[in-house]
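Reading through the structure tokens given below for one structure.
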Amino acid sequence: MKAADPKEIFQQEAQDLLVQLEQALLDLEHAPADGALIDTAFRALHTIKGSGSMFGFEAVAAFTHHVETAFDKVRQGAIAPNRELIMITLHARDHMRQLIENPEAADSSAGQAILAELQRIMEAGAAPVAATPAGPASYRVRIAFPRDVMATGTNPLLLLDELRGLGRATVAALTDDVPTLDVIDPTACHVGWEVMLSTAQPPTAIEDVFLFVRDEMTLEIEPIRDTTPETPLGEILSQRGDVTSQAVEAALHEQKRVGELLVEAGAVSPDKVNAALAEQQHLRRDGAPKPSANSSVRVPAERLGELMDQVGELVIAQSRLRQIATVSADQQVKSVAEEIERLVLELRDTTMSIRMVPIGALFGRFRRVVHDLSRDLGKEVALTMEGEETELDKTVIEQLNDPLVHLIRNAIDHGLEDPAGRAAAGKPQLGHIKLAARHAGMEVLISIQDDGRGMNRERIRARAEERGLLAKGAAVSDGELLQMIFQPGFSTAAQVTSLSGRGVGMDVVKRTIEGLRGAIDLQSTPGHGSEVTLRLPLTLAIIDGLLVRVGNGRYVLPLGAVEECVELSAQEDARSRGRSFLNIRGDLVPYLRLRELFACQTPADPYQKVVIVSSGDLKVGLVVDQVIGDHQTVIKSLSKLHADVEMLSGATILGDGAVALILDIPHLVEFGQVREENQRAAG
Amino acid sequence: MSQQGSKMSKRNDGAALEVLTLRLDGHLFALEAGHVREILDLGPVTEVPSAAPFVNGLINVRGKVVPLADLRLKFGMEKTSATIDTRVIVIEIDLAGDQTTIGLLADKVFEVTEIVPAEIEETPRIGMIWRQEYISCVGKRGDDFIIVLDIAAIFASALRDRKGDTRSKRNAA
Numbered sequence: 001m002k003a004a005d006p007k008e009i010f011q012q013e014a015q016d017l018l019v020q021l022e023q024a025l026l027d028l029e030h031a032p033a034d035g036a037l038i039d040t041a042f043r044a045l046h047t048i049k050g051s052g053s054m055f056g057f058e059a060v061a062a063f064t065h066h067v068e069t070a071f072d073k074v075r076q077g078a079i080a081p082n083r084e085l086i087m088i089t090l091h092a093r094d095h096m097r098q099l100i101e102n103p104e105a106a107d108s109s110a111g112q113a114i115l116a117e118l119q120r121i122m123e124a125g126a127a128p129v130a131a132t133p134a135g136p137a138s139y140r141v142r143i144a145f146p147r148d149v150m151a152t153g154t155n156p157l158l159l160l161d162e163l164r165g166l167g168r169a170t171v172a173a174l175t176d177d178v179p180t181l182d183v184i185d186p187t188a189c190h191v192g193w194e195v196m197l198s199t200a201q202p203p204t205a206i207e208d209v210f211l212f213v214r215d216e217m218t219l220e221i222e223p224i225r226d227t228t229p230e231t232p233l234g235e236i237l238s239q240r241g242d243v244t245s246q247a248v249e250a251a252l253h254e255q256k257r258v259g260e261l262l263v264e265a266g267a268v269s270p271d272k273v274n275a276a277l278a279e280q281q282h283l284r285r286d287g288a289p290k291p292s293a294n295s296s297v298r299v300p301a302e303r304l305g306e307l308m309d310q311v312g313e314l315v316i317a318q319s320r321l322r323q324i325a326t327v328s329a330d331q332q333v334k335s336v337a338e339e340i341e342r343l344v345l346e347l348r349d350t351t352m353s354i355r356m357v358p359i360g361a362l363f364g365r366f367r368r369v370v371h372d373l374s375r376d377l378g379k380e381v382a383l384t385m386e387g388e389e390t391e392l393d394k395t396v397i398e399q400l401n402d403p404l405v406h407l408i409r410n411a412i413d414h415g416l417e418d419p420a421g422r423a424a425a426g427k428p429q430l431g432h433i434k435l436a437a438r439h440a441g442m443e444v445l446i447s448i449q450d451d452g453r454g455m456n457r458e459r460i461r462a463r464a465e466e467r468g469l470l471a472k473g474a475a476v477s478d479g480e481l482l483q484m485i486f487q488p489g490f491s492t493a494a495q496v497t498s499l500s501g502r503g504v505g506m507d508v509v510k511r512t513i514e515g516l517r518g519a520i521d522l523q524s525t526p527g528h529g530s531e532v533t534l535r536l537p538l539t540l541a542i543i544d545g546l547l548v549r550v551g552n553g554r555y556v557l558p559l560g561a562v563e564e565c566v567e568l569s570a571q572e573d574a575r576s577r578g579r580s581f582l583n584i585r586g587d588l589v590p591y592l593r594l595r596e597l598f599a600c601q602t603p604a605d606p607y608q609k610v611v612i613v614s615s616g617d618l619k620v621g622l623v624v625d626q627v628i629g630d631h632q633t634v635i636k637s638l639s640k641l642h643a644d645v646e647m648l649s650g651a652t653i654l655g656d657g658a659v660a661l662i663l664d665i666p667h668l669v670e671f672g673q674v675r676e677e678n679q680r681a682a683g
Numbered sequence: 001m002s003q004q005g006s007k008m009s010k011r012n013d014g015a016a017l018e019v020l021t022l023r024l025d026g027h028l029f030a031l032e033a034g035h036v037r038e039i040l041d042l043g044p045v046t047e048v049p050s051a052a053p054f055v056n057g058l059i060n061v062r063g064k065v066v067p068l069a070d071l072r073l074k075f076g077m078e079k080t081s082a083t084i085d086t087r088v089i090v091i092e093i094d095l096a097g098d099q100t101t102i103g104l105l106a107d108k109v110f111e112v113t114e115i116v117p118a119e120i121e122e123t124p125r126i127g128m129i130w131r132q133e134y135i136s137c138v139g140k141r142g143d144d145f146i147i148v149l150d151i152a153a154i155f156a157s158a159l160r161d162r163k164g165d166t167r168s169k170r171n172a173a
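Pasting the structure below:
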């Protein structure tokens with residue numbers, strides 16, 4: 001093992017700092033008064049400068065010094081972080097990155113130009129900014145609507161959501177005034193709310209939320225002062241005027257939990273205590289916004305890959321051991337084999353979890369992409385993200401970057417209309433791109449959604465016919481038509497822009513996703529936007545499988561897709577051919593005879609089994625000769641020579657050293673459903 | 001190791017050619033020794049349903065899943081069952097950008113030998129029963145001929161021959 005090069009360590013650290021800097025700058029654009037963000041940016045710059053000069057990156061240190069100076073002024077409040085400044089700092093960040101990664105190729109004149117521009121902005125912006133408080137202030141907002149508020153068409157929930165949009169909010173409901181069931185009026189609003197809001201906006205912005213109901217309702221907005229996360233609950237309650245300080249004092253003498261005691265004493269309602277608890281919680285989170293990142297270790301990705309390979313070999317060796325132990329009469333061998341099995345499974349799970357990383361880090365990169373595109377194309381775009389904590393295999397995440405950048409570009413460039421087009425369509429100026437990730441069974445779904453014009457079916461058809469991909473006027477399902485855009489060289493863009501429309505890319509996206517054993521779904525509503533969903537397998541390395549036998553061949557079904565196993569009854573077996581579906585508790589499930597599909601020559605086993613598998617909402621039965629049992633399956637990909645065999649998603653090595661094939665469930669289910677439909681249509 | 005290049009002229013660089021000789025259906029063939037990783041006895045073969053007949057098997061080579069190709073089928077010979085002499089030649093070639101390990105079935109494997117440039121002849125345009133594009137060159141060995149196979153070309157064509165597959169074509173281009 002070679003000692004790590006200190007320069008490499010600096011480069012890696014600087015990478016992280018540059019990401020932090022970029023994120024802080026992008027956030028700052030929306031919250032220019034946030035002192036914490038300015039501090040983050042400043043600290044990143046300062047550290048890069050410091051360690052840069054320490055490790056001999058003089059050019060980096062010298063350049064960063066100027067940017068740091070500028071941000072020091074921002075930090076002191078001498079200059080406001082306006083759009084222009086943020087833009088030039090982003091450029092400076094890109095230049096720094098180049099200086100760090102590839103110092104020889106960096107263009108020093110470009111660096112000079114950035115610094116000159118920075119200087120100009122600094123001078124222009126040097127006028128002292130209005131004395132806005134640095135950092136967000138916290139407010140306690142008490143809301144009580146009139147009883148008939150819902151009758152006048154106001155939805156309190158929407159107002160609360162709007163309030164949430166102003167900053168970080170913790171909402172507590174006050175249900176003191178809710179009457180007992182016998183006298184309750186179900187159409188009235190009995191609930192009040194208390195919202196603890198941390199926002200950079202002035203209190204008037206809070207009032208503006210309630211503009212239309214302001215006169216009828218009770219709205220109290222108080223700044224929360226002098227409370228720290230350590231402020232005792234009793235003090236918060238008394239400061240809020242919910243309870244007198246004497247009552248708190250009295251309660252404190254009895255050494256029980258103060259909130260509980262106050263409720264027992266009837267001094268305050270449980271809801272008020274909950275609201276105060278929520279406030280304490282809210283402030284606590286303000287105090288410690290992020291867990292420290294120091295408890296992690298950097299490991300090169302290749303070494304993780306090696307580890308995974310070795311665990312894979314170990315799993316295979318272990319399944320051989322299990323086979324030997326099963327037939328052995330030696331109790332000691334059996335017990336050791338069992339223990340090793342347990343250890344290997346734990347080791348496997350741990351190793352796999354090391355490779356799992358949240359997708360948020362990848363999503364974060366796209367904020368810059370959207371920011372730059374929005375500027376270049378003159379379209380206002382808001383990017384929202386969901387499910388950033390969704391975990392995915394690291395190797396998968398790395399390969400997702402390019403396809404996702406491409407899809408986001410497409411969504412902004414082709415999907416979203418230009419400002420005039422949006423106005424004409426009666427849509428708000430601001431276009432929305434939503435990036436979401438979630439787990440669904442054995443898969444991770446990543447979707448890119450826009451609220452633009454949607455895909456133009458006529459144009460796709462015209463283009464497909466022009467390119468000879470589709471016969472003129474041929475009937476084709478909507479899904480198949482949309483999938484045409486993944487054909488190489490396919491582009492319906494009337495104009496080629498510098499970003500997209502060259503027709504390179506969508507086929508590459510599809511190929512990359514298929515290379516990861518995933519699939520792409522498309523949905524598009526004309527006038528309302530499109531959604532591209534990438535379906536990816538959870539892991540590329542090891543799965544739990546169900547081993548079955550068809551003829552002489554053994555096959556693995558991913559256990560996550562298996563619903564149940566049933567026997568194919570003799571009468572069902574006999575009448576098959578014409579209509580091949582089973583009645584599973586009232587559901588008609590089509591089934592496929594794998595023996596026919598694989599053209600097996602050997603005689604069939606007398607009692608055929610059906611393994612019911614599912615993909616999405618669809619189910620299909622697979623008729624096999626024998627269900628052997630569960631099997632730890634180390635996935636080995638097939639070579640390009642077999643890339644065209646769509647029924648298979650890979651291969652694995654069994655305990656006895658033979659190769660078994662892994663069946664691709666989504667393909668088989670699709671195949672079964674299509675055949676079923678055709679049979680129904682024919683019959 | 002040069003694997004690409006024009007068919008006729010690529011062996012005329014003056015150096016001796018190291019090859020592994022083998023037998024297929026009574027004919028003497030050879031592979032460039034540089035491609036060969038190891039030679040194994042034939043173990044259990046897993047059949048791949050609906051794959052092209054000439055590469056419809058998978059074998060386990062030291063924990064790796066490797067496709068098994070039967071060149072006899074590529075050359076229009078009959079498929080035969082394995083004999084005591086049957087061997088698997090494990091080769092490694094560049095397949096559309098991927099370094100790929102492939103097992104080749106041989107009826108018998110002889111030796112690694114050198115063909116000196118004086119013994120190398122151009123592939124005759126006529127009088128050959130095998131497709132010219134699969135043959136790298138022909139070496140003379142006494143009265144006998146050794147047909148040196150261009151395995152990279154054989155498997156590249158196997159990828160191209162696949163029905164309706166645009167993907168590999170683009171990669172190969």
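So the sequence lines, in the order shown, correspond to chains D and Z. For the first sequence, position 83 (counting from the first letter as 1) is numbered 83 according to this note's numbering, and the numbering increases by one without interruption. For the second sequence, position 154 (counting from the first letter as 1) is numbered 154 according to this note's numbering, and the numbering increases by one without interruption. We treat Cβ as the ideally placed atom computed from N, Cα and C, and that holds for glycine.
- One thing to note: Z/I120 has its Cβ no nearer than 8 angstroms to the Cβ of Z/G142.
- No Cβ of chain D is located within less than 8 angstroms of the beta carbon of Z/I89.
- Distance from the CA of D/S374 to the CA of D/R368, rounded to the nearest whole angstrom, comes to 10 angstroms.
- Residues of chain Z whose Cβ lies closer than 7 angstroms to the Cβ of D/F598 are, in chain order, P49.
- Less than 8 angstroms separates the beta-carbon of D/D625 from that of D/G551.
- Taking a 10 Å sphere around the C-beta of D/R97, we find 16 or more other C-beta atoms and assign the residue as buried.
- Between the region 508 to 527 of chain D and the region 592 to 612 of chain D there are fewer than three inter-stretch CB-CB distances shorter than 8 angstroms, so the stretches are not counted as touching.
- Contact residues of the region 78 to 104 of chain Z toward chain D are L95, A96, G97, D98, T100, T101 and I102 (C-beta to C-beta distance below 9 angstroms).
- The alpha-carbon of D/R342 is positioned some 33 angstroms away from that of D/A361.
- Exposed is the label assigned to D/H30, since fewer than 16 other Cβ atoms lie within 10 Å of its Cβ.
- Following the DSSP letters along the chain, one finds D/M308 inside the alpha helix (DSSP H) bounded by residues A301 to V327.
- Interface with chain Z (8 angstroms Cβ-Cβ cutoff): D/V556 is excluded.
- Across the set D/V336, D/E380, D/M308 and D/T512, the C-alpha of D/M308 shows the shortest separation from the C-alpha of D/S353.
- In terms of Cβ geometry, D/L663 and D/V562 do not form a close pair [threshold 8 angstroms].
- In the DSSP assignment, D/A437 falls within the unbroken beta strand (DSSP E) covering G431 to A440.
- By the Cβ test, the region 301 to 316 of chain D is in contact with the region 631 to 647 of chain D, since at least three Cβ pairs between them sit closer than 8 angstroms.
- As far as DSSP is concerned, D/H95 takes part in no beta bridge.
- The continuous beta strand (DSSP E) containing Z/T113 extends over residues K108 to I115.
- Excluding residues up to 5 positions away in sequence, L481 lie with their Cβ nearer than 7 angstroms to the Cβ of D/R457 in the same chain.
- Shown in chain order are the members of the region 308 to 321 of chain D whose Cβ falls below 8 angstroms from a Cβ of chain Z: E313 and I316.
- Three or more pairs of CB atoms, one per stretch, sit closer than 8 angstroms, so the region 143 to 157 of chain D contacts the region 216 to 225 of chain D.
- In the DSSP assignment, no residue is bridged to D/P419.
- Residue nearest to D/K73 within the set D/D39, D/E101, D/N102 and D/A106 is D/D39 (criterion: CA-CA distance).
- By the beta-carbon neighbour count (other beta carbons within 10 angstroms, threshold 16), D/Y139 is buried.
- Put simply, of D/P488, D/V589, D/G545 and D/G421 the residue whose alpha carbon is nearest the alpha carbon of D/V566 is D/V589.
- Looking at D/S649, D/H631 and D/V674, the one whose alpha-carbon comes closest to that of D/V620 is D/V674.
- Contact annotation: Z/D98 and D/K510 have beta-carbon atoms that are not nearer than 8 angstroms.
- At a cut-off of 8 angstroms between C-beta atoms, D/S109 does not count as an interface residue with respect to chain Z.
- Shortest Cα-Cα distance from Z/A69 to any of D/S649, D/H642, D/E677 and D/I665 involves D/H642.
- Non-local beta-carbon contacts of D/A92 in its own chain, meaning distances under 7 angstroms to residues more than five positions away in sequence, involve V67, I114 and L118 in chain order.
- For Z/I59, the chain D residues whose C-beta falls within less than 7 angstroms of its own C-beta are V659, listed in chain order.
- Excluding its 5 nearest sequence neighbours in each direction, Z/V55 has C-beta neighbours in its own chain below 6 angstroms: P67 and A69, listed in chain order.
- At a Cβ-Cβ threshold of 8 angstroms, Z/I151 and Z/H27 do not count as neighbours.
- When DSSP reads this structure, Z/P67 sits in a beta bridge with Z/L58.
- Beyond the five residues adjoining it in sequence on each side, D/L416 comes within less than 7 angstroms, by CB distance, of K379, V381, G431, D450 and G452 in the same chain, given in chain order.
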